Each structure stands twice: as structure tokens, then as C-alpha cells.
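Visitor: Residues in the sequence shown are numbered from 633 upward in steps of one, following this note's numbering.
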Amino acid sequence: MEATLIVNGQPHPYQPHTIRELLAALGLDPDRPGIAVAVNATVIPRPEWGNVRLQPGDRVEIVHAVAGG
């Protein structure tokens, strides 16, 4: 069975990514303000995104701030 990550509730094939690498692979700019990331229900501070390695089965939630009014 292929190892997966769960990203915003959807399975994605696992590759040994850091959070920054995962965001870039998903087409998101990891330097863009207004993005928050939680791994297994723990919010990861932005300065740690390049150091935190994701593991098979991790549940990743990515939240974007959206302007509105």
C-alpha cells in the first residue's frame, strides 16, 4: 500500500517533504502572508516549516486568510 499524507481531508501520495516543500508542491507560496499550517492538530510556527519533516499518515491542515467584508 502506498503511504499517504492527509492534506485538508484529502489523501496525497507521501514523499519526504518538509512543510515548505509540501506547500510549494501544492502550488502555494510558503512565504505568502496569511497561511497557517497544522500537523496532527498542532499548529506549526512558520519559522519551523523548513525543518519539520512530514511522516506517512500525518494529517496536514492548511488554512489561508481571505480578505472580505
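Think of the CB as a built atom: it goes at the ideal place given N, C-alpha and C, for glycine as much as any other residue.
Note that the structure is predicted; figures quoted are calculated from it, not measured.
Identify whether Ala699 lies in helix, strand or coil by the three-state DSSP scheme.
Guide: coil
Visitor: What three-state label does DSSP hand Leu637 in the structure shown?
Guide: Leu637: strand per DSSP, three-state reduction.
Visitor: For Glu693, which residues does DSSP report across the bridge?
Guide: Ala670
Visitor: Would you call His696 buried or exposed, if buried means 16 or more other Cβ atoms sit within 10 Å of its Cβ?
Guide: exposed
Visitor: Short of 6 angstroms in beta carbon distance, which residues of its chain neighbour Met633, apart from the five on each side in sequence? Order them along the chain.
Guide: For Met633, the predicted model reports a pLDDT of 45, less than 50, meaning its position is unreliable; a value from the coordinates is still stated below. When the five nearest sequence neighbours on each side are left out, no beta carbon in the same chain lies closer than 6 angstroms to the beta carbon of Met633.
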